[in-house]
Amino acid sequence: MTTSMHGGNIAIVGASETERVGVLPDVSMIHLHTDAARRALADAGIDIREVDGVATAGPNVIELADQLGIRPRWVDGTMIGGCSFMALVRHASAAIAAGAANVVLITHGESGRSRVGVPGYAPAPTSIAGQFEHPYGALAPYSSFTTPVLAFMKERGFTREDLAEVVVAQRQWAIPNERAQRRAQIDVEGVLNAPPIAYPFTRDMCCVVTDGGGALVVTSAERARDLPSAGRAVYVLGSGEGTGSVIVSQMDDLDSFGPFRNGSREAFETAGVAHADIDHLMFYDAFAHLPLYMLEDTGFVGKGESAAFIKEGHTRPGGKLPMNTQGGGLSYTHSGMYGMFAIQEAVRQLRGEAVVQVPDVRLSFVQGVGFMFGAGGSLILSNQPA
Amino acid sequence: MTDGPVPRPTPETLPFWEGTAAGELRIQRCTPCDEFYFYPRPFCPKCLSSDVAWEKVSGNATLASYNINYRPGPAFSSQDPLVIALVELDEGPRMMTNIVGVPAEPEALPLGMRLTVGFQPRGDQFLPVFSPAEGA
Chain A
123 MTTSMHGGNI AIVGASETER VGVLPDVSMI HLHTDAARRA LADAGIDIRE
173 VDGVATAGPN VIELADQLGI RPRWVDGTMI GGCSFMALVR HASAAIAAGA
223 ANVVLITHGE SGRSRVGVPG YAPAPTSIAG QFEHPYGALA PYSSFTTPVL
273 AFMKERGFTR EDLAEVVVAQ RQWAIPNERA QRRAQIDVEG VLNAPPIAYP
323 FTRDMCCVVT DGGGALVVTS AERARDLPSA GRAVYVLGSG EGTGSVIVSQ
373 MDDLDSFGPF RNGSREAFET AGVAHADIDH LMFYDAFAHL PLYMLEDTGF
423 VGKGESAAFI KEGHTRPGGK LPMNTQGGGL SYTHSGMYGM FAIQEAVRQL
473 RGEAVVQVPD VRLSFVQGVG FMFGAGGSLI LSNQPA
Chain B
2 MTDGPVPRPT PETLPFWEGT AAGELRIQRC TPCDEFYFYP RPFCPKCLSS
52 DVAWEKVSGN ATLASYNINY RPGPAFSSQD PLVIALVELD EGPRMMTNIV
102 GVPAEPEALP LGMRLTVGFQ PRGDQFLPVF SPAEGA
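Chains A and B are the protein sequences, given in the same order.
Under the working numbering, think of the first position of the first sequence as 123, with each following residue one higher.
Under the working numbering, think of the first position of the second sequence as 2, with each following residue one higher.
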């Protein structure tokens, strides 16, 4: 087949997280991938022998395919951090539309908490970050991803209370969700009084650190119609991606991120829908500032309006634009490359299968980020072909 | 703060580190664009020209943003809070650094504060760090 990669010609037909997410010292990283993969294939009702495309952001895509007994004719090992999975859905859509693959399996698995079967992480002292950022203590994401935030807050007149409001809003989605890691009710004062991590961030403004994974099965809308999962297909309407600087200090602007602006614009243009059409948001929230940047950069609110939008409750249960509805990285789970979990929740909401279901979701917008402010990936997904 | 990850120069970045060892902050400037750029690379990231030169800059900068890292982690023997800052050099480029010579407290770190460079030994290299300019 040759068709457009957008507009509903490509569908996510299988989607699953690992059976468990949280603290899983009994599973190595690769088998978080394979657990999610087998569950996603079962969810799709598709035979693994039909999979001819395999994609992951790591470990090696060769090992992933081999562990599952797949000898693919199309592979993609794109690694742009936590938004790799948005990009991989986009790449898989292009490949399927072009006829380079028929059924693509995309997996994520990360033993982010227990570190079982994880390759050693030793940043090279010759890398750009190794020379110009790591020596200053900007090693862990909490100490690097947070560096531009005071400039962002000053530019807009935001306060630490505004960061805390993001945490409180998202916690409301996690409280009823038994798979969520942080479920205690919390208020702004409680967030501000949590242990300090990297000023202005306290513990609760930083994501949880967990083990887990997820997988997606992507194919043509035409093939989707004949599967047992046909009624639950989720269609790719639009997408975008891009990269910025390899070190956070070299962001083009400290208070706005080009890949959010440009990737989301392309996603809306290719989908042919407007912001007002979107019913549901998934904004990759490794830290509390990200939903604020994303709300503004993707155009859902104007510059400087994001903090009030959150504080007024619009993203909470019952709000007009529900966001991060499983609790997000801040409360639900965060294995390291969270993007897969954002897509999983968008799929659940569009299928009507979420733990805390938003009524009448037809269009979901998903925005990812990767390698701190290094990359972005955007998706517009729907439960209707167009 | 003298221990922690030690940067290792590559051929393309070596003049920067030779500069810090000599007590100078050296940054590259593109001749056709007449603009400084950072991080080091053998061509201008705007016009791709190889007509670029290393120059000693003033070492004067402004505090643009920062965090106070309360958990420096195992790469550092001291777990005292580290001020990880983004500073804008008077010549234009922005770089990451540590702010030293002031308490690691928000009250001592107003954005826009004027800064001046200094150099701290780190392994076999010298790291550019910044402290409040005199009279700041």
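The C-beta atom is built at its ideal place from N, Cα and C for all residues, glycine as well.
Contact note: His456/A does not reach chain B at a C-beta cutoff of 9 Å; the least C-beta distance is about 17 Å.
Pro245/A sits exposed, since fewer than 16 C-beta atoms from the chains shown fall within 10 Å of its C-beta.
Following the DSSP letters along the chain, one finds Phe379/A in no alpha helix (DSSP H), marked with neither H nor E. Per the coordinates, the alpha-carbon of Arg305/A lies some 8 Å from the alpha-carbon of Asn299/A. Within chain A, Phe254 and Ser371 have C-beta atoms less than 8 Å from the C-beta of Met96/B, given in sequence order. Our two residues, Pro94/B and Lys57/B, have alpha carbons roughly 13 Å apart in a direct line. In chain B, no part has a C-beta under 7 Å from the C-beta of Ala497/A; the shortest such distance is about 18 Å. Contacts between Ile28/B and chain A, judged by CB atoms closer than 9 Å, are missing: the closest CB pair is about 12 Å apart. For Pro111/B, the CB contacts under 8 Å within the same chain, skipping 5 residues up- and downstream, are Leu64 in chain order.
In terms of Cβ geometry, Ala346/A and Val135/A form a close pair [threshold 7 Å]. Contact with chain B is found for Thr268/A, since one of that chain's Cβ atoms lies less than 7 Å from the residue's Cβ. Only Ala65, Ser66, Tyr67, Asn68, Ile69, Asn70, Tyr71, Arg72, Pro73, Gly74, Ala76 and Phe77 from the stretch 61-78 of chain B bring a Cβ to less than 7 Å from some Cβ of chain A. Annotated three-state conformation of Lys425/A is coil, per DSSP. Listed along the chain, the chain B residues whose CB falls inside 7 Å of the CB of Gly449/A amount to none; the nearest CB is some 24 Å away.
In this structure Gln471/A is not in contact with Thr455/A, their Cβ atoms being roughly 16 Å apart against a cut-off of 8 Å. In the three-state scheme derived from DSSP, where H, G and I count as helix and E and B as strand, Ile85/B is classed as strand. Just measuring C-alpha positions, the residue of Gly144/A, Ala162/A and His128/A sitting nearest Val339/A is Ala162/A. With a threshold of 7 Å between beta carbons, Gly380/A makes no contact with chain B. Here Ser206/A is buried: its Cβ has 16 or more other Cβ atoms, across all protein chains shown, within 10 Å. By the criterion of a C-beta distance shorter than 6 Å, Ser59/B is surrounded in its chain by Asp91, once the five residues flanking it on both sides are discounted.
Residue environment analysis places His256/A among the buried positions, since at least 16 neighbouring C-beta atoms fall within 10 angstroms of its C-beta. CA-to-CA, the gap between Pro41/B and Ala220/A works out to about 40 Å. With contacts defined as CB atoms closer than 7 Å, Tyr264/A and Ile69/B fail to qualify as a contacting pair. Taken in chain order, the members of the stretch 110-130 of chain B whose beta-carbon sits within less than 7 Å of a beta-carbon on chain A are Leu112, Arg123 and Leu128. For Gly119/B and Arg30/B, the gap between their C-alpha atoms comes out near 21 Å. Residue-level contact check: Ser428/A does not touch chain B, since none of the beta carbons of chain B fall below 7 Å from its beta carbon.
According to the DSSP assignment, Ala346/A belongs to the alpha helix (DSSP H) that extends over Ala343 to Ala346.
Taking CB atoms only, Tyr321/A has a neighbour in chain B less than 7 Å away. In the DSSP assignment, His230/A falls outside any alpha helix (DSSP H) and within the unbroken beta strand (DSSP E) covering Val225 to Ser233. For the C-beta of Ala260/A, the chain B residues within less than 7 Å are, from N- to C-terminus, Ile85 and Met97. In this structure, the beta-carbon distance from Ala286/A to Val330/A does not fall below 7 Å.
If one requires a minimum length of 3 residues, the beta strand (DSSP E) runs lying completely within the stretch 2-57 of chain B are 27-31, 36-38 and 53-57, in chain order. Glu106/B sits exposed, since fewer than 16 C-beta atoms from the chains shown fall within 10 Å of its C-beta. With the rule of 3 Cβ pairs closer than 8 Å, the stretch 399-413 of chain A counts as touching the stretch 475-492 of chain A.
One thing to note: Gly335/A has its Cβ within 7 Å of the Cβ of Thr140/A. Beta bridge pairing from DSSP links Val118/B with Phe131/B.
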